[in-house]
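Trainee: First, the structure itself, so that you have it in front of you.
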Amino acid sequence: MTIFMISALALTAILIPFIGGFLIVATPRPMAKAMSVAAGAVATILTIAVWLGFAFSGEERLTVSLASVGGVEVIGFVFDKMSVMLGACFVGIGLIITYYATSYLSEGNREHADKPRRRFFACFTIFIGAMAGVVYSSTLVGLLVFFEITGICSWLLIGYYGTKTAEKAAIKALILTQVGALGLFIAVGFLFAAAGSFEIQALANLNEHWKAVILICILIASWAKSAQLPFYMWLPSAMEAPTPVSAYLHGASMVKVGVAVVARVLAEAGAIPEVVGWVIVIGAILTLLFSFFMYLPQKDMKRLLAFSTISQISYIFLGFGFFVFGSELAFKGSLMHIFNHAFAKTLFFLVAGAFSYTMGTRMFPQLKGVLKKRPILGVGFAVAALAISGIPPLNGFFSKFAIFAGSFSAAHGNWLLVTIIVVALVETVACFAWFLKWMGHVLPGEPSEAVAKSDPVPGVMTGVFIVLIIMTVCSSFIAAAWLG
Numbered sequence: 104m105t106i107f108m109i110s111a112l113a114l115t116a117i118l119i120p121f122i123g124g125f126l127i128v129a130t131p132r133p134m135a136k137a138m139s140v141a142a143g144a145v146a147t148i149l150t151i152a153v154w155l156g157f158a159f160s161g162e163e164r165l166t167v168s169l170a171s172v173g174g175v176e177v178i179g180f181v182f183d184k185m186s187v188m189l190g191a192c193f194v195g196i197g198l199i200i201t202y203y204a205t206s207y208l209s210e211g212n213r214e215h216a217d218k219p220r221r222r223f224f225a226c227f228t229i230f231i232g233a234m235a236g237v238v239y240s241s242t243l244v245g246l247l248v249f250f251e252i253t254g255i256c257s258w259l260l261i262g263y264y265g266t267k268t269a270e271k272a273a274i275k276a277l278i279l280t281q282v283g284a285l286g287l288f289i290a291v292g293f294l295f296a297a298a299g300s301f302e303i304q305a306l307a308n309l310n311e312h313w314k315a316v317i318l319i320c321i322l323i324a325s326w327a328k329s330a331q332l333p334f335y336m337w338l339p340s341a342m343e344a345p346t347p348v349s350a351y352l353h354g355a356s357m358v359k360v361g362v363a364v365v366a367r368v369l370a371e372a373g374a375i376p377e378v379v380g381w382v383i384v385i386g387a388i389l390t391l392l393f394s395f396f397m398y399l400p401q402k403d404m405k406r407l408l409a410f411s412t413i414s415q416i417s418y419i420f421l422g423f424g425f426f427v428f429g430s431e432l433a434f435k436g437s438l439m440h441i442f443n444h445a446f447a448k449t450l451f452f453l454v455a456g457a458f459s460y461t462m463g464t465r466m467f468p469q470l471k472g473v474l475k476k477r478p479i480l481g482v483g484f485a486v487a488a489l490a491i492s493g494i495p496p497l498n499g500f501f502s503k504f505a506i507f508a509g510s511f512s513a514a515h516g517n518w519l520l521v522t523i524i525v526v527a528l529v530e531t532v533a534c535f536a537w538f539l540k541w542m543g544h545v546l547p548g549e550p551s552e553a554v555a556k557s558d559p560v561p562g563v564m565t566g567v568f569i570v571l572i573i574m575t576v577c578s579s580f581i582a583a584a585w586l587g
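Throughout, the numbering used here is defined as the position within the sequence shown, counted from one, plus 103.
So, in structure tokens, the structure goes:
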């Protein structure tokens, strides 16, 4: 397959969700669900085709310029092992969640009875296209454009229910991510001033000073999107959104925008100043510890998962930091963890949504005996919890293992870096113990009143859970085989 065909497929995969979103707004409401699923399905097929096309091309890296001004490339695509894998992942999970939402957003929802509105499906569909744009972009301008579109979509979706709390949460997310986004705006200007280019690969030609400044500016923007310290506050508040939105924000969209951007610039920047590695590693370990202590007192399943997501993203940043110190394995482990965490955390959030839908609550103290009454929810809960905790043979184990193995190799001889890794390992064990505690409360025994009176799980949700359970087992083998 030629570069022209691959880029045409990628461009179409981005445009179809945007076109679908605008058509949903312009057509009668009953068509919204079908059109959103159709747009997501077409985009997913196209991103898989991009992946296969790149695989069969035999190339390590392909780039194409889409728009230039005065001989300066403004928008372009890059295809490599990272972008084609993450593109299919983010868009495919968007499709899965869209399909789930067709059942969740209904009058049968015991926690939030709701008639499906075009606004949800239009914004969600555009969100999917924007995520494809982020991972394929080869310029900082392209990253910035799609970065901003994801922010607008998240603002509209977080405030979907229209309550004062939801509207405040949406504004908080918009403000905090936009404050962070100033770093990306500054980085775009600095890169053009220093290199006369917007291409990310131009970073490799800069001196150490310019490179460090630009990378740290990008890192600030990424911290904001990925809800790392000091910008974490928006993510727990965003739990006011419908669960399908929460699942996409945590599994494969907003929080993954930040790490996807950092992964791209680190991969293109050549030799990276050590100071950048220290900034990444210290920020990651501080956020990891903070988020762990924050999710300990949580009784609301979605809020616990929110802080858990912040923690898991910190592992990804940790691997990126140790890549700067020389570990290619840690970088690949972080890419694997982006891929693996997307499936596991999406499963976890959608199970939480099913609790709300069928039982009218997602509060842990009210949930007991789920495995006996609703086996599919019990299995989904267990698989997701163990995967997030890093228990073999589930996907989280393999990506965390690669991060830790690569990090120990890079930290050899540096007591401070070794200490940071050991602290992260202790947090991993503590995470497993905490999720094991809630598994022991929620899954076995006789059903509690809320569980006993629960409604059957809709067939749409059951199908989604089966797909995600399979991927939570298999995704690490896909990622490992692909990344090498």
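Beta carbons: idealized from backbone N, C-alpha and C, even for Gly.
What separation, rounded to the nearest whole angstrom, lies between the Cα atoms of F484 and G516?
Mentor: Taking the sequence shown and counting its residues from 1, the one referred to as residue 484 is at position 381. Taking the sequence shown and counting its residues from 1, the one referred to as residue 516 is at position 413. If you take the alpha carbons of F484 and G516, they lie about 40 Å apart.
Trainee: Identify whether S340 lies in helix, strand or coil by the three-state DSSP scheme.
Mentor: By 1-based counting over the sequence shown, the position of residue 340 is 237. In the structure shown, S340 sits in a helix (DSSP, three-state: H, G or I).
Trainee: Helix, strand or coil, according to DSSP, for T242 in the structure here?
Mentor: Counted from its first residue, the sequence shown places residue 242 at position 139. Reduced to three states, the DSSP call for T242 is strand.
Trainee: In whole angstroms, what separates the C-alpha of T346 from that of I317?
Mentor: Counting from 1 along the sequence shown, the entry for residue 346 is found at position 243. Counting from 1 along the sequence shown, the entry for residue 317 is found at position 214. C-alpha separation (whole angstroms): 36 Å.
Trainee: May I have the straight-line CA-CA distance separating I289 from C320, to the nearest angstrom?
Mentor: Taking the first residue of the sequence shown as 1, we reach residue 289 at position 186. Taking the first residue of the sequence shown as 1, we reach residue 320 at position 217. Straight-line Cα distance between these residues: approximately 7 Å.
Trainee: Where does F580 land, buried or exposed, given buried means 16+ other C-beta within 10 angstroms?
Mentor: The residue labelled residue 580 in the question sits at position 477 within the sequence shown. Label assigned to F580: exposed.
Trainee: Compute the Euclidean distance between the alpha carbons of G566 and Y207, then round it to the nearest angstrom.
Mentor: Within the sequence shown, residue 566 is the residue found at index 463, counting from 1. Within the sequence shown, residue 207 is the residue found at index 104, counting from 1. Rounded to the nearest angstrom, the two C-alpha atoms are 13 Å apart.
Trainee: Do R221 and A135 come within 8 Å of each other at the CB atom, strictly closer than that value?
Mentor: Position 32 of the sequence shown, counting from 1, holds the residue named residue 135. Position 118 of the sequence shown, counting from 1, holds the residue named residue 221. Yes, the Cβ-Cβ distance between A135 and R221 is below 8 Å.
Trainee: Please classify E549 as buried or exposed, where buried requires at least 16 neighbouring CB atoms within 10 angstroms.
Mentor: Along the sequence shown, one-based indexing puts residue 549 at 446. The residue is exposed, with fewer than 16 neighbouring Cβ atoms inside 10 Å.
Trainee: Taking contact to mean 3 or more Cβ pairs, one atom from each stretch, closer than 8 Å, check whether the region 527-543 and the region 393-401 are in contact.
Mentor: yes
Trainee: Can at least three beta-carbon pairs, one atom from the region 149-160 and one from the region 257-268, be found at a separation below 8 Å?
Mentor: no
Trainee: Closest to I127 by C-alpha separation, out of T228, L450, V358, would be which residue?
Mentor: As a first step, residue 127 must be located in the sequence shown, where it is residue number 24. Minimum Cα distance to I127 is reached at T228.
Trainee: Does the Cβ-Cβ distance between G588 and V427 come in under 8 Å?
Mentor: Nothing about residue 588 can be read from this structure; the chain reaches only from 104 to 587.
Trainee: Are there 16 or more other CB atoms within 10 angstroms of the CB of P468, so buried, or fewer, so exposed?
Mentor: Here residue 468 refers to the residue found at position 365 of the sequence shown. P468 is exposed by the Cβ-count criterion.
Trainee: Starting from E311 and walking both ways along the alpha helix (DSSP H), at which residues does that stretch end?
Mentor: Numbered from its first residue, the sequence shown carries residue 311 at position 208. Unbroken alpha helix (DSSP H) run through E311: 311-328.
Trainee: If you reduce the DSSP assignment to three classes, tell me which class F334 lands in.
Mentor: As a position in the sequence shown, residue 334 is number 231, starting the count at 1. Three-state result, F334: coil.
Trainee: Tell me whether W258 is buried or exposed, calling it buried when 16 or more other Cβ atoms sit within 10 Å of its Cβ.
Mentor: For the purposes of this step, residue 258 is taken as the residue at position 155 of the sequence shown. It is buried - the Cβ of W258 has at least 16 other Cβ atoms within 10 Å.
Trainee: What does DSSP give as the partner residue(s) for L165 in the beta ladder?
Mentor: On the sequence shown, residue 165 is found 62 positions in, with the first residue counted as 1. L165 pairs with F182.
Trainee: Secondary structure at E214, three-state DSSP: helix, strand or coil?
Mentor: Start at 1 with the first residue of the sequence shown, and residue 214 comes out as number 111. If DSSP states are grouped into helix, strand and coil, E214 belongs with coil.
Trainee: On the DSSP bridge assignment, give the partners of D558 in chain order.
Mentor: For this step, residue 558 is matched to residue 455 along the sequence shown. Answer is none; D558 lacks a bridge partner.
Trainee: So, for R132: in the same chain, excluding its five sequence neighbours on each side, which residues have a beta-carbon less than 8 Å away from its beta-carbon?
Mentor: In the sequence shown, counting from the first residue as 1, residue 132 sits at position 29. For R132, where only same-chain residues beyond five positions count, the Cβ hits under 8 Å are P219, R220, R221.
Trainee: Which of helix, strand or coil does DSSP assign to E251?
Mentor: As a first step, residue 251 must be located in the sequence shown, where it is residue number 148. If DSSP states are grouped into helix, strand and coil, E251 belongs with the helices.
Trainee: Of the residues A350, I231, A344, F293, which one's Cα is nearest the Cα of K275?
Mentor: Sequence index remark: in the sequence shown, residue 275 carries index 172 (1-based). Measuring from the Cα of K275, the nearest candidate turns out to be A344.
Trainee: Less than 8 Å between the C-beta atoms of A307 and G373, yes or no?
Mentor: Along the sequence shown, one-based indexing puts residue 307 at 204. Along the sequence shown, one-based indexing puts residue 373 at 270. Yes, the pair counts as a contact, with Cβ atoms nearer than the cut-off.
Trainee: DSSP state of E176, grouped into three classes?
Mentor: For the purposes of this step, residue 176 is taken as the residue at position 73 of the sequence shown. The answer is strand: DSSP assigns E176 an E or B state.
Trainee: Going by the beta-carbon positions, is the gap between A146 and I200 smaller than 8 Å?
Mentor: If you number the sequence shown from 1, residue 146 lands on position 43. If you number the sequence shown from 1, residue 200 lands on position 97. No, the pair does not count as a contact, with Cβ atoms beyond the cut-off.
Trainee: Considering only residues of the same chain and omitting the five flanking positions on each side of V368, which have a CB-CB separation below 7 Å?
Mentor: Indexing the sequence shown from 1 puts residue 368 at position 265. Within the same chain, V368 has close Cβ partners I303, L306, L318, I321.
Trainee: Is L287 near F250, with beta carbons less than 8 Å apart?
Mentor: Position 184 of the sequence shown, counted from the start, is the residue given in the question as residue 287. Position 147 of the sequence shown, counted from the start, is the residue given in the question as residue 250. Contact flag set, yes.
Trainee: Return helix, strand or coil for E549, following the three-state DSSP convention.
Mentor: Translated into the one-based positions of the sequence shown, residue 549 becomes position 446. Coil at E549, not helix or strand.
Trainee: A514 and F425 - do their beta-carbons sit closer together than 8 Å?
Mentor: As a first step, residue 425 must be located in the sequence shown, where it is residue number 322. As a first step, residue 514 must be located in the sequence shown, where it is residue number 411. Closer than 8 Å, so yes.
Trainee: Quickly, what does DSSP pair M466 with across the bridge? List them, please.
Mentor: The residue labelled residue 466 in the question sits at position 363 within the sequence shown. Answer is D403, bridged to M466.
Trainee: In angstroms with no decimal places, state the Cα-to-Cα distance between L169 and I106.
Mentor: Mapped onto the sequence shown, residue 169 falls at position 66. Mapped onto the sequence shown, residue 106 falls at position 3. The C-alpha of I106 is placed about 12 Å away from the C-alpha of L169.
Trainee: Please name the residue or residues paired with S459 in a DSSP beta bridge.
Mentor: For the purposes of this step, residue 459 is taken as the residue at position 356 of the sequence shown. Note: S459 sits in no beta bridge, so no partner.
Trainee: For F500, collect the residues of the same chain with a Cβ closer than 7 Å to its Cβ; drop the 5 residues on either side in sequence, then sort them by chain order.
Mentor: Taking the sequence shown and counting its residues from 1, one reaches residue 500 at position 397. Around F500: G493, I494.
Trainee: Let me check one thing: in DSSP terms, what residues is A170 bridge-paired to?
Mentor: Taking the first residue of the sequence shown as position 1, residue 170 is located at position 67. A170 pairs with I178.
Trainee: Just reading off the alpha helix (DSSP H) that T346 is part of, what are its end residues?
Mentor: By 1-based counting over the sequence shown, the position of residue 346 is 243. Start and end: 346-354.
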